[in-house]
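Everything on this sheet refers to the single structure shown next.
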Amino acid sequence: MRYFIRFSYFGKSYHGWQNQPNAITVQEVLEDAVSKLLRQKIDLVGAGRTDAGVHAKEMYAHFDFGSILDSVDFIYRLNAFLPEDIAVQDVSPTRLESHARFDALERTYEYWISTEKNPFLMDAAHYVKYPLDIEAMNEAASFLIGKKDFECFSKSKTDVKTYICDVKYAHWTNDGDKLIFKITADRFLRNMVRAVVGTLLNVGFGKSSPDYVKEVLKSKDRSQAGVSVPAKGLYLISISYPKTIFINE
597 MRYFIRFSYF GKSYHGWQNQ PNAITVQEVL EDAVSKLLRQ KIDLVGAGRT DAGVHAKEMY
657 AHFDFGSILD SVDFIYRLNA FLPEDIAVQD VSPTRLESHA RFDALERTYE YWISTEKNPF
717 LMDAAHYVKY PLDIEAMNEA ASFLIGKKDF ECFSKSKTDV KTYICDVKYA HWTNDGDKLI
777 FKITADRFLR NMVRAVVGTL LNVGFGKSSP DYVKEVLKSK DRSQAGVSVP AKGLYLISIS
837 YPKTIFINE
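Read left to right, the sequence shown gives residues 597 to 845 (the working numbering).
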């Protein structure tokens, strides 16, 4: 049986999702808990990777197991094994050929900007003390929408076959003492959202006009874009899949 597991985590204590030597990751902790519970070595294949310090409100991974799981009991017991900053919400059987990464249709991220000094957001948002022009930032964000080459926002030395991403939505909203940037696309490049936000902040500060984003995209040059904002403000919000991959229990 192949299972999709849906979970969330607060990324402050982790060096991202993906296993790596000499650093604690979400994958390592979750695989260890699942393996102990099922009493065999379990390998999780994630929907993607998040960088060190990035959070996920909805993340998926798949794993294979030889028996049918009681999902309610499994979730309850698994959460008892896990630390407070990782939580499992769902475990669902899927078709054996289903893949958490390659079957994903869209992914949505949010980036949180704290506009007032707030001790309760110090690990959950990027504090910006200067006023921002949200209207100009939204005009600039509109130039991101569509199927385009986003190499200018990609981390250098990234092993990808293409820099083309199809951005479906990109918009800033006010939420009390927070500004939230939401972006949806079929795929994202490494560091892409943090570089996009840094570029849009240049517009918000009045350092650049909204049209600056068009020029950055044309350049395909990471040095032309803004600096990457801190990881602590970034959240993977949702991942969508075709309903046909899931098996109705």
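All residues carry an ideal CB built from backbone N, CA and C; glycine is no exception.
Under 7 Å between C-beta atoms of residue i and residue j
{"i": "Ala652", "j": "Leu785", "result": "no"}
{"i": "Ala766", "j": "Leu740", "result": "yes"}
{"i": "Ile664", "j": "Trp708", "result": "no"}
{"i": "Asp762", "j": "Asp745", "result": "no"}
{"i": "Ala821", "j": "Phe749", "result": "yes"}
{"i": "Arg645", "j": "Gln614", "result": "yes"}
{"i": "Leu717", "j": "Gly800", "result": "no"}
{"i": "Leu674", "j": "Ala643", "result": "no"}
{"i": "Asp681", "j": "Phe606", "result": "yes"}
{"i": "Ile841", "j": "Arg691", "result": "yes"}
{"i": "Trp768", "j": "Asn734", "result": "yes"}
{"i": "Leu640", "j": "Phe659", "result": "yes"}
{"i": "Asn787", "j": "Lys751", "result": "yes"}
{"i": "Val650", "j": "Leu830", "result": "yes"}
{"i": "Asp773", "j": "Glu706", "result": "no"}
{"i": "Thr758", "j": "Glu702", "result": "no"}
Local conformation of residue i per DSSP, three classes
{"i": "Phe698", "result": "coil"}
{"i": "Lys751", "result": "coil"}
{"i": "Thr704", "result": "strand"}
{"i": "Ala582", "result": "Outside the displayed span of the chain (597 to 845) sits residue 582, for which this structure offers no information."}
{"i": "Phe606", "result": "coil"}
{"i": "Ile542", "result": "Outside the shown range of the chain, which is 597 to 845, sits residue 542, and nothing can be said about it."}
{"i": "Ile601", "result": "strand"}
{"i": "Ile638", "result": "coil"}
{"i": "Ile841", "result": "helix"}
Limits of the beta strand (DSSP E) - the one that residue i falls within
{"i": "Ala827", "result": "No beta strand (DSSP E) contains Ala827, which DSSP labels as neither H nor E."}
{"i": "Ser688", "result": "682 to 690"}
{"i": "Asp762", "result": "760 to 771"}
{"i": "Lys743", "result": "742 to 745"}
Boundaries (first-last residue) of the alpha helix (DSSP H) holding residue i
{"i": "Asp628", "result": "622 to 634"}
ask   = If we count Cβ pairs, one from each stretch, closer than 8 Å, do we get three or more for the segment 601 to 610 versus the segment 621 to 628?
value = yes
query = In chain order, which continuous runs of the alpha helix (DSSP H) of length 4 or greater are located wholly inside the segment 651 to 677?
reply = 667 to 677
query = Quick one: complete alpha helix (DSSP H) runs, 4+ long, within the segment 775 to 819?
reply = 788 to 800, 808 to 815
message = Tell me whether the segment 681 to 692 and the segment 802 to 814 touch, counting them as touching only if at least three CB pairs, one residue from each stretch, are closer than 8 Å.
response = no
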